[in-house]
Structure formats: C-alpha cells, structure tokens
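Accompanying notes for the structure given below.
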Ligand code: ADP
Ligand code: MG
Ligand code: MG
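In UniProt numbering, the protein residues as written are 1 to 207.
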C-alpha cells in the first residue's frame, strides 16, 4: 500500500510530536558543542508546520513535503533550518505529482533529501553533522525490501547508528567545528534530530 498526502501529513504530525518531546534533549546536545538552540529551533519550526497543516492541508505528497520545506526554512532558523528545508524541498521534487508514494519513491525522496543537504552544507560523512545520520539511512532505505514502513524503519535504524557514530568525531562543519578537538565526546544534535524524524516517520507509516 502506498503513502497518500494524508499519510505524509500524519507522518509530519508524528515528527512534530517527537520533536516537542525531545526539545530539551536536543537543547542539551547543542549546549555541549553549539549554542543550545537546536531543540527550540526545531520545536518552533514543527509547531508552525502543525498549524499550517491544520489550515491548508495539501492534496498530494509532494505538496505536503513542499509546505514542510517552506515552513521549516522560514521558521527554524540557524544552520538546520535551511538544511532541513532544502531536504524537504528536494524530497518534494523527487516524488513528482504522484497521489501515492511506494517504497521506491520513499527511498528516492530520502536520497534527494541527502543530496540537497550536501549541496547546501558541503558536509561529508565524518564531519559530525546530520549527514552522518542521513547518509546511512539513505543506503539502508535503498537496500530495504517490502513496505514503506519497513523501508523507513530500516532508514531509522541506520540513522540511529549514524547518530551514535558522531559521538567520538571532531566536528569539521557548523558551529561545533569552532571547538575543534573539544567537540569530541558528544553526539551531534542535528544527527540526533535526523534520527528522531526518521523514527517518527517509520512509526507513523507502520500504523
Ligand atoms: P546553529 O548551529 O546555527 O545554531 P542548529 O543548532 O539549529 O543551528 O543546528 C545545528 C546542526 O546543524 C548541527 O548539529 C549539524 O547537524 C547541522 N549542521 C551545521 N552545519 C552543517 C553543514 N554544513 N552541513 C550539514 N549539517 C550541518
Ligand atoms: Mg545551535
Ligand atoms: Mg543558533
């Protein structure tokens, strides 16, 4: 079974709930190696998205993803806002005007999202950013078989490992890079939020 516009809306609502739940955790992670605002930035963006989904629910998956993109770009701020905004914008473009997304479309959308983040932020694996969570997620989604839920679950599992892999890394991109060696020993907040978003999408798809 494919993933309709309403399913994408439900996935984004689930993501908003998870972001709100983990707001303090993301603030703490960003406090250690950044400026302590990632949790609040993400919460602000996803709260704005919730209200837009209420008032103007779009009728195709691509339009829902585009609304997420424009909302996050204009409300999250910081480094993460434009990066997540670009990710959703590229994902939207990748799925075209299909009424339902199958697992291949979801895998393609994730690949496009990663390509957008890399084009915008120029980070590579090992730089201690969200790219360290999203890259293995894209690979896992491409190799996964079965349903949309199974594809997203494989992506979320891989993102969790990718987020954990950032702990010993020395940051080479973003604010954390200003700390040099002192950035080691902490998980990257953006890698963690990427993991949380993918887990929320997977859980929503399984319902
Ligand atoms: P800011 O650093 O401007 O306060 P946030 O705290 O909201 O923004 O987001 C920080 C996160 O953004 C980092 O944890 C990292 O994952 C991600 N990030 C920063 N710079 C880059 C980049 N060039 N490429 C990919 N991700 C990045
Ligand atoms: Mg920050
Ligand atoms: Mg900031």
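From the three backbone atoms N, C-alpha and C, an ideal C-beta is built for every residue, glycine too.
CA-to-CA distance, residue j to residue i, given in whole angstroms
i           : j           : result
residue 79  : residue 172 : 14 Å
residue 148 : residue 3   : 7 Å
residue 140 : residue 130 : 16 Å
residue 66  : residue 89  : 5 Å
residue 87  : residue 180 : 27 Å
residue 194 : residue 58  : 24 Å
residue 99  : residue 113 : 20 Å
residue 134 : residue 109 : 12 Å
residue 10  : residue 163 : 24 Å
residue 97  : residue 6   : 14 Å
residue 38  : residue 31  : 9 Å
residue 56  : residue 182 : 45 Å
Neighbourhood of residue i by C-beta distance below 6 Å, restricted to the same chain and skipping five residues each side
i          : result
residue 25 : none
residue 8  : 61 and 64
residue 85 : 69, 72 and 73
residue 77 : 41
7 Å CB neighbourhood of residue i in its chain, flanking five on each side removed
i           : result
residue 40  : 23 and 27
residue 107 : 141, 142 and 151
Three-state secondary structure assigned by DSSP to residue i
i           : result
residue 56  : coil
residue 4   : strand
residue 145 : coil
Of the listed residues the options, nearest to residue i (C-alpha basis)
i           : options               : result
residue 34  : 174, 103, 193 and 191 : 174
residue 103 : 166, 183 and 145      : 145
residue 12  : 45, 29, 181 and 37    : 45
residue 187 : 165, 15, 205 and 91   : 165
residue 127 : 184, 48 and 20        : 184
residue 43  : 161, 191, 151 and 19  : 19
residue 119 : 95, 82 and 203        : 82
Residues of its chain near residue i, where Cβ-Cβ distance is below 8 Å and the 5 sequence neighbours each way are ignored
i           : result
residue 122 : 173
Contact with chain C by residue i, beta-carbon distance below 9 Å
i          : result
residue 73 : Among the protein chains of the structure shown there is no chain C, as only one such chain exists.
| query | Is it true that the segment 147-162 meets the segment 194-202, where meeting means three or more beta-carbon pairs spaced less than 8 Å apart? | reply | yes
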